[in-house]
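K.L.:
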Amino acid sequence: MAYWLMKSEPDAWSWDQQVAKGAKGEAWNGVRNHTAKLNLMKMKKGDRAFFYHSNIGKEIVGVLEIIREHFPDPTADAGSPWVVVQVKALEPVPKPVTLAAIKAEPKLKDIALLKYSRLSVQPVTPDEWKLLCKMGGM
DNA sequence: GCCAACGTTGGC
DNA sequence: GCCAACGTTGGC
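The first sequence begins at 0 in numbering that gives the first Met the number 0 and counts up by one.
Set out below in structure tokens:
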């Protein structure tokens, strides 16, 4: 199983909205960056991803499961290369992990979130995942 | 193919 | 609201 982190501004799409979608989940649409798209295409059914609130909050608030692998983004023009995956909310993070906490943790100095701060879909290593879960009270 | 201009993201 | 990082566009 692989691990990921997906960013959304809560004004545009929040964790609460994701939770409201229940087990059917929702397509993660709007990715318009090729590096992020490649990550979406690497995702397998059953993979897990952190839901990160960018801009407002700046913290990891929940865990998603990938329930359908990539397919064309219905919000993009026909024939465009953009894809989505279907994700469902798995569980909230009891103690949201803030960007400040991530920056303060030496073991996380190489995390993609800090290195490629503008990338909206990024990989998380198993070690990083384990540590972030611990920091989140899971 | 280079690079300046410009738009967007996201932290502060 | 500002600004750094970075991707994209378009002129040459």
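We treat Cβ as the ideally placed atom computed from N, Cα and C, and that holds for glycine.
Compare the C-alpha of Met0 against each of Trp128, Pro9, Met137, Val92 and name the closest.
P.N.:
Among Trp128, Pro9, Met137, Val92, the Cα nearest to that of Met0 is on Trp128.
K.L.:
Quick one: residues in its chain with C-beta nearer than 8 Å to the C-beta of Asp72, no 5 flanking neighbours on either side, listed in chain order?
P.N.:
The answer, listed in chain order, is Ala26, Asn28, Gly29, Val30, Ser79, Trp81, Val82, Val83.
K.L.:
Skipping 5 residues on each side, what residues in its chain have a beta carbon closer than 7 Å to that of Gly56?
P.N.:
Cβ within range, chain order: Pro9.
K.L.:
Could you round the C-beta distance between Ala35 and Leu118 to whole angstroms and report it? I think they count as a contact, below 8 Å.
P.N.:
Yes, Ala35 and Leu118 are in contact; Cβ-Cβ is about 6 Å, under 8 Å.
K.L.:
So within the region 39–89, which uninterrupted beta strand (DSSP E) runs reach at least 3 residues, ignoring any that extend past its ends?
P.N.:
Counting whole runs of 3 or more residues, the region 39–89 contains the beta strand (DSSP E) stretches 47–52, 58–71.
K.L.:
Buried or exposed for Lys94, going by 16 or more other Cβ atoms inside 10 Å?
P.N.:
When all chains shown are included, Lys94 counts as exposed.
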